[in-house]
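Sequential numbering of the sequence shown, starting at 2, is according to our numbering.
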Amino acid sequence: MNRFIAITLSAVAFSLAASAAKAQPDIATDNELLAAYCLGAANVEVREGGLGEIDSAVEQSRQERKIRTHAYLAAKGYLPSNIRSSAATQGITLHVKRGETDEKQCKANIDACLIGCKGGTDTETIYECLGKCWKLDPCPSLLHCAPEKLPF
Numbered sequence: 002m003n004r005f006i007a008i009t010l011s012a013v014a015f016s017l018a019a020s021a022a023k024a025q026p027d028i029a030t031d032n033e034l035l036a037a038y039c040l041g042a043a044n045v046e047v048r049e050g051g052l053g054e055i056d057s058a059v060e061q062s063r064q065e066r067k068i069r070t071h072a073y074l075a076a077k078g079y080l081p082s083n084i085r086s087s088a089a090t091q092g093i094t095l096h097v098k099r100g101e102t103d104e105k106q107c108k109a110n111i112d113a114c115l116i117g118c119k120g121g122t123d124t125e126t127i128y129e130c131l132g133k134c135w136k137l138d139p140c141p142s143l144l145h146c147a148p149e150k151l152p153f
């Protein structure tokens, strides 16, 4: 009798656990949110690209990163179909906009900072100044979008 009760309780517990696992909300994962953030940043880079000092290899890398993040989000059901839940889609949309905003702010901060670097006379001082410019917020967040750092 005790064995029957134990087996029955185990079966009920297993069923409840399985039901709870299925009831998980459809929300965007950390990797999906990172991809959205990086896509937003890449959209700004590509749209505002074309500066004379940007090497074609750098521009090609940006294009490849944009294609890579877009393809990842498409495979996950976001672009262009948006078959995921509204909560998941809203998270993706928010992170795309955040990536765009951070990229624009980083570029503006660096442009303003570079003005101060032009007064340097030796190469080491100029490189040190440039390094400080890249450390201004929100630029460090954008480093997560480097191709070698993307988890997908």
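For glycine and all other residues, C-beta sits at the position ideal for the given N, C-alpha and C.
State buried or exposed for E129, treating a residue as buried only when at least 16 other CB atoms are found within 10 Å of its CB.
-> exposed
Give the DSSP-derived three-state secondary structure of K133 in the structure shown.
-> Looking at K133 - three-state DSSP - the assignment turns out to be helix.
Could you name the residues of the same chain whose beta carbon sits closer than 8 Å to that of N83, not counting the 5 residues immediately before and after it, in chain order?
-> So the list reads T90, once near-sequence residues are dropped.
Using the Cα positions of H71 and A147, report the straight-line distance between them to the nearest angstrom.
-> 15 Å
What did DSSP end up calling Q61 once you bin it into helix, strand or coil?
-> Three-state DSSP puts Q61 in a helix.
Do I93 and A43 have their C-beta atoms within less than 7 Å of each other?
-> No, Cβ-Cβ distance for I93 and A43 is not below 7 Å.
Are L137 and N110 close, meaning C-beta to C-beta below 7 Å?
-> yes
Which ranges would you report for the beta strand (DSSP E) in the segment 53-125 if only whole runs of at least 3 residues count?
-> none
As assigned by DSSP and simplified to three states, the class of D138 | coil
Give a yes or no on whether the C-beta atoms belonging to L131 and C107 are separated by under 7 Å.
-> no
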